[in-house]
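J.: Quick note on the numbering used here: the sequence shown kicks off at 4 and runs consecutively.
Here it is, the structure, as structure tokens.
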Amino acid sequence: MVLDKKNERFKNIKNLAANLKGIARDLETIALQDSLIKVSKMSKEEQKELAIGLKKKELEEKKRMEAKKKKSNNAPKRMAVQADGMMGAMAGKSIKRLQKSSFFAYNPTAVEAGIKDFKSKWGLVRLEDNWRRSNKTDSNYDQENLDGDKDKLELSESEINKILRDVPRTPDQLEEANKKIMAAMLDLGILYREKLNNYEKSAEILEELFNRYQDFDEECKAMYYLQFSYKDLDKYDQANNLIKKMTKKYPDCIYTKILTDPDFVNSVKNKLNSKEQYYQEVFNLYKNGEYNSAIEKIKNAGKEITSDEKYKIKLDLLKAKLLGKTQSKDAYILALEDFVKQYPNTPESIKAKETLRFLKGDKDAFSKLIYEEDLQKFSYEPKKLHYILIIVHNADDNDLKMIKTSISNYNKKYYKLNRLKMSNIYFDTKGVDQVILLRKFETAESAMKYYNQVAKNPDDFLNKKYNYEIFAISQKNYREVIKQKSVKNYKSFFEKNYLKNLKNNE
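Following this line, the structure appears as structure tokens:
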């Protein structure tokens, strides 16, 4: 039986699935970053041995896959068995410790999602009981297996670095890994409370966050949600003590004020209303053709409005549009390019890019004729192999040489160790667009890192005179784009899946 999409149960199930997806994502983040931090504590020699073992198992698995294609469906199971054999203590003993713990996130079933992400990169390492800090630096892997590997396989330092490329090496990288864990734990605590009404587990993960980290950036926010979970669990003394701590430690925090100042919420609402009202006044001036008055009003916007990123972005985009009305087309293009560079990966920057493409000759830039059946041909596969697809509009063959040279220089500067391969393909029958393909990236995340790097350093990537689009794309979706001979439909899919996920994880 298939539920009707209009059925209330269907909506509830869909919402529950979305909520569980967020929880799974947070558990994966915690599990992966904990594992990476653990490997970072190994000695250089231990890391080398680990890399050799991982490479050897990868080669062995490749040979087995080639020899037994008919049994390829069993390959993941074989990989897991080999992983357990090689990393015996690191895997088996850690799982036993997980089973002994009463903390919910130690449940092997719950943690398995995180292990999958780690295995997709390395295939071997399993989590230890690494939630709570310790000075433990020993590496419990199967020395007997690794000793045998060392004599048969040698790796260069660059090859080792590539295999262990995600392991944090510097204090800044370790701090970044811990920040990801903090953010995931806080989000997990909120999701359990707000989406599943599981106040006990919400309190448990937030308490663990406080036990593990002190004086972190979002501590006040974490206290705010924890005191609510305490109240829902009838732990009023603990809730009140937490509010007192917030008042003493974070008197100016917005969450403290919400709990302690009865007039604060109303004042915030009034401020939000005043910001929206100010923006609407500017927009109405623009709409009515009073461009100079609108520009003047943007200039006079107070700090209260410009310090709010949401309204600053909206006003800056409107300011760019006003330049298009009062100055030349070139000034408008320049203003939009600066806007896209300043606010990458925002809904407003997507609109600005569409306008730029139209101004530079792409008449289909604003086309909304995207058919649902075409979109359904694409699928989001974040763990699969990815490419980077670059579309340069209105460029001839002479431009292509300069474009490829520029991208090659960019890759040497930022991605020298990745050994990216570049090729150009053709699917534009009019011959006015150049299509560049960069391969390959292990996952959507690694491809989006490239995408984001380009957004941060556009001048190093391509000359401003080129009107281009860039996408992360899986192998399967790439084949579909080639079949459709257009990125129009994929562009909508990319924005809804990749850019949305990138924004949510920031």
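Just so it is clear, CB atoms sit at the ideal spot from N, CA and C, and this is done for glycine as well.
May I ask you to report which of helix, strand or coil DSSP gives TYR471?
T.: strand
J.: Please identify the residue among THR329, ASP220, ARG196 and GLU211 whose C-alpha is closest to the C-alpha of ILE33.
T.: GLU211
J.: Name the residue from LYS356, SER331, GLU279 and GLY292 whose alpha carbon lies nearest to the alpha carbon of LEU318.
T.: The candidate whose alpha carbon is nearest that of LEU318 is GLU279.
J.: Any contact between the region 346–357 and the region 404–412? By contact I mean 3 or more CB pairs, one from each, below 8 Å.
T.: no
J.: Starting from ILE428, follow its DSSP beta bridges and name the residues at the other end.
T.: VAL438
J.: Out of curiosity, what's the CA-to-CA distance linking ASP399 and ASN470?
T.: When rounded, the distance between both Cα atoms is 12 Å.
J.: Am I right that LEU441 and TYR390 are in contact with their C-beta atoms under 8 Å? What's the rounded C-beta distance?
T.: 6 Å
J.: Do you know offhand how far LEU245's Cα is from LYS198's?
T.: 23 Å
J.: From the DSSP output, read off the bridge partner residues of PHE464.
T.: PHE464 pairs with nothing; no bridge assigned.
J.: Classify ARG482 as buried or exposed, calling it buried when 16 or more other Cβ atoms lie within 10 Å of its own Cβ.
T.: exposed
J.: For the alpha helix (DSSP H) containing TYR314, list its first residue and its last residue.
T.: 312–329
J.: Mind checking whether ILE393 and ILE439 have CB atoms under 8 Å apart?
T.: yes
J.: Please return the same chain residues whose Cβ sits closer than 7 Å to the Cβ of ILE261, not counting the five positions on each side in sequence.
T.: PHE267 and VAL268
J.: Cα separation between SER270 and ILE298?
T.: 28 Å
J.: Any chance the region 172–192 sits against the region 203–221, with 3 or more Cβ pairs inside 8 Å?
T.: yes
J.: From which residue to which residue does the beta strand (DSSP E) around VAL395 run?
T.: 389–396
J.: Measuring only the C-alpha atoms, how far is TYR228 from LYS182?
T.: 19 Å
J.: Which residue wins for smallest C-alpha separation from GLU157, given the options LYS328, ALA27, LYS59 and THR250?
T.: Here the closest residue by C-alpha is LYS59.
J.: Where DSSP assigns a beta bridge to SER477, which residues make up the other side?
T.: HIS389
J.: Can you list, in chain order, the residues of its chain with a C-beta nearer than 7 Å to that of LEU320? Leave out the 5 residues immediately preceding and following it.
T.: PHE342, GLU351 and ALA355
J.: Measure how close the beta-carbons of ASP333 and HIS396 come, nearest whole angstrom, since I'm counting them as under 8 Å.
T.: Their Cβ separation, rounded to whole angstroms, is 17 Å, which puts ASP333 and HIS396 out of contact at 8 Å.
J.: Near LYS51, which residues of its chain fall below 7 Å by C-beta distance, leaving aside the five closest residues on each side in sequence?
T.: ILE163
J.: For the alpha helix (DSSP H) that LYS182 lies in, which residues bound it at each end?
T.: 174–197
J.: Could you tell me if ASP29 is buried or exposed, where buried requires 16 or more neighbouring beta carbons within 10 angstroms of its beta carbon?
T.: Looking at its Cβ environment, which holds 16 or more other Cβ atoms inside 10 Å, ASP29 is buried.
J.: Could you work out which residue in ILE473, PRO254, ASP240 and GLU49 is closest to TYR453 when comparing CA atoms only?
T.: ILE473
J.: Could you tell me which of ASP220, ILE55, GLN478 and LYS468 sits nearest to LYS510, measuring between CA atoms?
T.: With the chain covering only 4 through 509, there is no way to say anything about residue 510.
J.: Do you know offhand how far LEU339's Cα is from LYS328's?
T.: 13 Å
J.: Using a Cβ-Cβ cut-off of 7 Å (strictly less than) and excluding sequence neighbours within five positions of LYS315, which residues of its own chain qualify?
T.: Cβ within range, chain order: THR309.
J.: What's the call for MET93, buried or exposed, on a 16-neighbour Cβ count within 10 Å?
T.: For MET93, the predicted model reports a pLDDT of 41, less than 50, meaning its position is unreliable; a value from the coordinates is still stated below. With a 10 Å radius around the Cβ and a threshold of 16 neighbouring Cβ atoms, MET93 comes out buried.
J.: For LYS371, I'd like the list of residues in its chain whose CB is within less than 6 Å of its CB, leaving aside the five on either flank, ordered along the chain.
T.: Its pLDDT being 47, under 50, LYS371 is placed unreliably in this model, and the coordinates cannot settle the point.
J.: Run the CB neighbour count on TYR429, radius 10 Å, all protein chains shown included, and call it buried at 16 or more, exposed below.
T.: Exposed is the call here.
J.: Grab me the residues of PHE464's own chain with a C-beta within less than 8 Å of its C-beta, minus the 5 sequence neighbours each way, in chain order.
T.: SER409, ILE410, TYR413 and VAL457
J.: Determine the direct distance from the alpha carbon of ASN303 to that of PRO265, and round the result to whole angstroms.
T.: 32 Å
J.: Just confirm the distance between the C-beta atoms of LEU167 and VAL42, as a whole number of angstroms; I'd bet it's less than 8 Å.
T.: With a Cβ gap of about 7 Å, LEU167 and VAL42 count as contacting.
J.: Please name the residue in SER331, THR263 and SER489 whose C-alpha comes closest to that of LEU362.
T.: It is SER331.
J.: Would you kindly work out how many angstroms separate the C-alpha atoms of GLU61 and MET45, rounded to a whole number?
T.: Approximately 21 Å, taken between the alpha carbons.
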